[in-house]
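Residue 391 in UniProt numbering sits at position 391 of the sequence shown; the count goes up by one each step and never skips.
Just so it is clear, CB atoms sit at the ideal spot from N, CA and C, and this is done for glycine as well.
None of the values given here were measured: they were computed from a predicted structure.
To start, the structure itself, in structure tokens.
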Amino acid sequence: MPMSAAAILALIAVVGLACQWVAWRVKLPAILFLLLSGIALGPLLGWVAPDALFGELLFPLVSLSVAIILFEGSLTLHLDQIRDVGKVVRRLVSIGAAVTWLIIAVATHWLLGLSWAMSWLFGALVVVTGPTVIVPMLRTVRANSRIGNVLRWEGIIIDPIGALLAVLVYEWIISQSLEGGAISHTAILFAEIVLVGVVSGAVAGYAIGEALRRHWLPEYLQNLATLALVLATFTFANYLAHESGLLAVTVMGMWLANMKGVHIEEILSFKENLTVLLISGLFVLLAARLDLSQLWALGVPALVLLAVIHFVARPIAVWISSYGSDLKWQEKALISWIGPRGIVAAAVSALFALRLEQSGYADAQILTALTFAVIIGTVMFQSATARPLAQWLGVADPEPRGFIIIGANQVARELAKVLEQNHLPVLLVDPSWENIREARMMGLRTFHGNPLSRHADMYLDLVGYGRVLAMSPQRELNVLASLRYRPEFGKQNIFAVQTSKDAQGSVRQLISEEYQGLYLGEEGLTYGKFANLLRQGARLRTTKLTEDFNFEAWKAQHQKGRCPLFALTPKGHVQVFTLENGLQPKAGWQIISFDMEIEKEKEKAQEKAQEKAEKTEKPADVLPEPKPL
Numbered sequence: 001m002p003m004s005a006a007a008i009l010a011l012i013a014v015v016g017l018a019c020q021w022v023a024w025r026v027k028l029p030a031i032l033f034l035l036l037s038g039i040a041l042g043p044l045l046g047w048v049a050p051d052a053l054f055g056e057l058l059f060p061l062v063s064l065s066v067a068i069i070l071f072e073g074s075l076t077l078h079l080d081q082i083r084d085v086g087k088v089v090r091r092l093v094s095i096g097a098a099v100t101w102l103i104i105a106v107a108t109h110w111l112l113g114l115s116w117a118m119s120w121l122f123g124a125l126v127v128v129t130g131p132t133v134i135v136p137m138l139r140t141v142r143a144n145s146r147i148g149n150v151l152r153w154e155g156i157i158i159d160p161i162g163a164l165l166a167v168l169v170y171e172w173i174i175s176q177s178l179e180g181g182a183i184s185h186t187a188i189l190f191a192e193i194v195l196v197g198v199v200s201g202a203v204a205g206y207a208i209g210e211a212l213r214r215h216w217l218p219e220y221l222q223n224l225a226t227l228a229l230v231l232a233t234f235t236f237a238n239y240l241a242h243e244s245g246l247l248a249v250t251v252m253g254m255w256l257a258n259m260k261g262v263h264i265e266e267i268l269s270f271k272e273n274l275t276v277l278l279i280s281g282l283f284v285l286l287a288a289r290l291d292l293s294q295l296w297a298l299g300v301p302a303l304v305l306l307a308v309i310h311f312v313a314r315p316i317a318v319w320i321s322s323y324g325s326d327l328k329w330q331e332k333a334l335i336s337w338i339g340p341r342g343i344v345a346a347a348v349s350a351l352f353a354l355r356l357e358q359s360g361y362a363d364a365q366i367l368t369a370l371t372f373a374v375i376i377g378t379v380m381f382q383s384a385t386a387r388p389l390a391q392w393l394g395v396a397d398p399e400p401r402g403f404i405i406i407g408a409n410q411v412a413r414e415l416a417k418v419l420e421q422n423h424l425p426v427l428l429v430d431p432s433w434e435n436i437r438e439a440r441m442m443g444l445r446t447f448h449g450n451p452l453s454r455h456a457d458m459y460l461d462l463v464g465y466g467r468v469l470a471m472s473p474q475r476e477l478n479v480l481a482s483l484r485y486r487p488e489f490g491k492q493n494i495f496a497v498q499t500s501k502d503a504q505g506s507v508r509q510l511i512s513e514e515y516q517g518l519y520l521g522e523e524g525l526t527y528g529k530f531a532n533l534l535r536q537g538a539r540l541r542t543t544k545l546t547e548d549f550n551f552e553a554w555k556a557q558h559q560k561g562r563c564p565l566f567a568l569t570p571k572g573h574v575q576v577f578t579l580e581n582g583l584q585p586k587a588g589w590q591i592i593s594f595d596m597e598i599e600k601e602k603e604k605a606q607e608k609a610q611e612k613a614e615k616t617e618k619p620a621d622v623l624p625e626p627k628p629l
């Protein structure tokens, strides 16, 4: 029994979710699993037929989706971040793109026997890398910030440039039928596309930015208004100059991201979620349109072409583009190694292949299959090898095991000291210079400033840190810090100390759990109690568990005299004790606990002092008898 259209759409949604989850678990780009799933649902099983499902709406949906993806990516392009790598990125998207295009086109013509027209078009299609594959790969590779900035900027900027280049080549192929007008036609088209794209994108970005800055839109309509304007800008630009819409929405996003006084955090979060949804559906649909017979027919020449793209074209383009820069050779090597192809290549190749087939170009049929072969090959190979290569080259950032601690007060300093003693990176953030000075005197790493300030957004280095611990006595600051850093670290990695207001407040006064971090330690351990006990002599202790002395034995021995705070596994991973998680450490683990048995310790100390005094006490001197007068 054939499935209904609603059932097919639901199936695509579920499969997309499953692919994203698997990619998250195994730390590989989701595009790989989405493509394989699309091939399974389409050519192999025959359950999904995108052309029959959407008809003439398929490619308009693909085009609009790509526009939204490019706009979301360009929203992250802040000009102050490109200061150190601007020259390299500019060269990569200009000289580097031209070199890559030339090498791939020549190799395609010689290896696969395609006509020069189709070879130039294919070279233009696979020039792009793309944020949809670069960003997940960077999360896995965890390269240093300079490499990450170069690859991220290149991936987002090269998308519209590559699409523009493909459009120009396509128009050149079509215009060859015009007598003597191919070159002039292409030059005029190029100028028209760039002018319309830049102007319409800048105007749209300024318009929505002013609307947001002047509060002309209520908060609940800001996301919808931005989305509607993106779609309208893309469509209007394409109406004025064919295929200028991608450039327009990219310029629009960059303009909006760099406007002063415009807060786009909510818009960016909404667009990120929407982009994940669109990417999941698009890749399944486009892969389902593949003809496997064409893919297998490519054979060994396609594998050789992959090798040329990876080992020849990419390194030459990167080393030429980075000549004279301050990038180290190790950084250049890793940038040369990472260049996966993504959604724009897949979408544009499918679109142009269909149009060229309708125009009578027979060898256009293998464009889509060849493009998808390059996408699958580059993603699979680079995902498997980039992280080990980054570690071998010494340009990978450390695993995010450390803690960002909000506050540098006495409680925060004592926690930071014991965490560093257990080889966990710690960074104390506090606007109080007195607290920062005390922390620095203890040899702790600090950041002087408000954790919620614009200054912290620009200069607070989060590399190597995977959790936030809000240790301020001010409840509101803890909550705001938890909300601020949740997008970077995730809700499950945000922790906070209870304050007296949290412990004693009524239901009406308590802040919702949705906005605060997970409470550290056991119930009743507030900041005030923590600080008071420290002043009285309480200490943080580290205890190693064994088979004979397990966690149950540890709890039985100390009962409520010690409060467990952290647990360290034999591999160095840290877990945090909270009110909710019910953590059960195993043999070989270490427990960092807060020793609250102050009175017993005082009594023992007094008894020892008394015994010592009795042992060392000397008999009183005997006074001599007085002499008689």
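- [ ] Using the Cα positions of Leu9 and Thr250, report the straight-line distance between them to the nearest angstrom.
- [x] 29 Å
TODO: Quick one: residues in its chain with C-beta nearer than 8 Å to the C-beta of Arg437, no 5 flanking neighbours on either side, listed in chain order?
DONE: none
- [ ] Taking Leu427 as part of the beta strand (DSSP E), name the residues at either end of that continuous run.
- [x] Val426 to Asp430
- [ ] Name the residue from Gly582, Arg467 and Ile404 whose alpha carbon lies nearest to the alpha carbon of Pro451.
- [x] Ile404
- [ ] Could you tell me which of Tyr361, Val374 and Gly517 sits nearest to Thr129, measuring between CA atoms?
- [x] Val374
Open item on the list: I'd like to know whether the C-beta atoms of Arg535 and Asp595 end up nearer to each other than 8 Å.
Closed with: no
TODO: Could you tell me if Thr368 is buried or exposed, where buried requires 16 or more neighbouring beta carbons within 10 angstroms of its beta carbon?
DONE: buried
TODO: Given a cut-off of 8 Å, decide if Ala105 and Ser119 are closer than it, judged by their beta-carbon atoms.
DONE: yes
Task: Residue(s) in a DSSP beta bridge with Ser593 - done: Arg541 and Pro564
Open item on the list: Let me confirm a value: Leu415 is counted as buried when at least 16 other C-beta atoms fall within 10 Å, else exposed. Which label applies?
Closed with: buried
Task: Proximity below 8 Å, CB of Val262 to CB of Leu256 - done: yes
Open item on the list: Could you check whether Val379 and Leu32 sit closer than 8 Å to each other, using their CB atoms as the reference points?
Closed with: yes
Task: Reference Leu75; option with closest CA among Met259, Gln330, Ala5 and Asp548 - done: Met259
Open item on the list: Give me the residue from Ala439, Leu444, Met471 and Leu427 with the minimum Cα distance to Ala456.
Closed with: Leu427
Open item on the list: For Leu164 and Pro301, what's the separation of their Cα atoms in angstroms?
Closed with: 27 Å
Open item on the list: Helix, strand or coil for Arg142? Go by DSSP, reduced to three states.
Closed with: coil
Task: Short Cβ contact (8 Å threshold) for Ala345 with Val93 - done: no
Task: C-alpha distance - Glu243 paired with Ile193, whole-angstrom precision - done: 7 Å
TODO: Within the same chain, show all residues whose beta-carbon is closer than 7 Å to that of Phe190, passing over the 5 residues directly before and after it, in chain order.
DONE: Leu168
Open item on the list: On the CB-based measure, 16 or more other CB atoms within 10 Å of its CB, does Pro487 come out buried or exposed?
Closed with: exposed
Task: Straight-line Cα distance separating Pro400 from Leu424 - done: 10 Å
Open item on the list: Going by DSSP, what residue range makes up the beta strand (DSSP E) through Thr446?
Closed with: Thr446 to His448
Task: Length of the line joining the Cα atoms of Val395 and Ala143 - done: 6 Å
Task: Under the three-state DSSP convention, the category Arg467 falls into - done: strand
TODO: Could you name each continuous alpha helix (DSSP H) segment of 4 residues or more that falls completely within the segment 278-323, going from the start of the chain to the end?
DONE: 292-297, 299-308 and 314-321
- [ ] State buried or exposed for His573, treating a residue as buried only when at least 16 other CB atoms are found within 10 Å of its CB.
- [x] exposed
TODO: Report the residue ranges of all alpha helix (DSSP H) runs contained in full by the segment 325-398; include only those spanning at least 4 residues, in chain order.
DONE: 329-337, 343-358 and 366-393
Task: Stretch-stretch touch, CB-based, cutoff 8 Å, three pairs: the segment 519-530 with the segment 557-569 - done: yes
Open item on the list: I'd like to know if the segment 465-478 and the segment 487-496 are in contact, where contact means that at least 3 CB-CB pairs between them fall below 8 Å.
Closed with: yes
Open item on the list: Do Leu286 and Gly38 count as a contact pair if the criterion is CB distance below 8 Å?
Closed with: yes
Task: Sub-8 Å separation of residue 640 and Gln294 beta-carbons - done: Any question about residue 640 goes unanswered here, given that the chain covers just 1 to 629.
Open item on the list: Looking at the secondary structure, which residues open and close the alpha helix (DSSP H) in which Ile95 lies?
Closed with: No alpha helix (DSSP H) holds Ile95; DSSP gives it neither H nor E.
TODO: For Gln498, write down the residues that DSSP places opposite it in a beta bridge.
DONE: Thr526
Open item on the list: What would DSSP say about Glu617, mapped onto helix, strand or coil?
Closed with: The pLDDT assigned to Glu617 is 49, lower than 50, so where the model puts this residue is not dependable; a value taken from the coordinates is nonetheless given after this. Coil, per DSSP.
Open item on the list: Check for me: the alpha helix (DSSP H) holding Gly402 runs from which residue to which?
Closed with: Careful: Gly402 lies outside any alpha helix (DSSP H), inside the beta strand (DSSP E) at Gly402 to Ile406.
- [ ] On the DSSP bridge assignment, give the partners of Tyr519 in chain order.
- [x] Ala496
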